[in-house]
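Undergrad: Dropping a structure here in C-alpha cells format, bear with me for questions.
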Amino acid sequence: MSDIVIRAAQPKDTAQLIDFVQRLFNEPHIGVVTAPDEFNLTIEEEQTLIKGYATSENSVFFVAEVDAHVVGMLNCEGGKRKALRHAATLGVSVSKEWRNKGVGSALMARAIEWARGTNVIKRIELSVFV
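In my numbering, the protein residues as written are 9 to 138.
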C-alpha cells in the first residue's frame, strides 16, 4: 500500500478538493447534511477558503493524499468570537475506497497534534453522523 501523506491544504489542491467533495456528496447513505446541488463553490471561492485557513491561528485544513491524489480531508475551524476562539469544530471525510485503511485516524492524529501545538485551541468538537 502507498504511503498516506497528511499536509496542509494548498490552493493547488482546489480542483481535486472540489471533485472529492462532489463525489462524497453523491454517495448514497453517506449521512452528510449538504445535498450535491447545494455544494457549488467556484475554484476562486475554494482557493480563498484554503488561504483563509492557512493564515488563521485557530483553524486548519488538512488533506490526506496517496500518490498525489486527495483521498481525505479534515478541517478544524476555531471560533470567531473571543469567548469561543479556544474551541474548534472538526469535520473529516475520507473517500470510499480509502475508508478503514487508517486515513481518518491519520487525519485525526494530525489535527490533535496541531491543536496541541497552538496557544489557542483548548477544545475540539466533533459531530458524528451515523
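Even glycine gets a Cβ: it sits at the ideal position worked out from N, Cα and C. Everything numeric in this text was worked out from a predicted model, so none of it was measured.
Could you give the DSSP three-state label for Ser64: helix, strand or coil?
TA: Ser64 falls in the coil class under three-state DSSP.
Undergrad: For Lys104, which residues of its own chain have a beta-carbon under 7 Å away from its beta-carbon, when the five flanking residues on both sides are left out?
TA: These residues qualify, in order along the chain: Glu35.
Undergrad: Take Arg131 and list the residues in its own chain whose beta-carbon comes closer than 8 Å to its own, dropping the five residues that flank it on each side.
TA: Excluding positions up to five away in sequence, the list reads His94, Ala95 and Ala96.
Undergrad: From the DSSP output, which residues share a beta bridge with Arg15?
TA: According to DSSP, which records beta bridges pairwise, Arg15 is partnered with Val71.
Undergrad: Can you tell me the Cβ-Cβ gap for Trp106 and Val79, rounded? I've got them flagged as a contact below 8 Å.
TA: Indeed, because the Cβ distance is near 4 Å, the residues count as touching under 8 Å.
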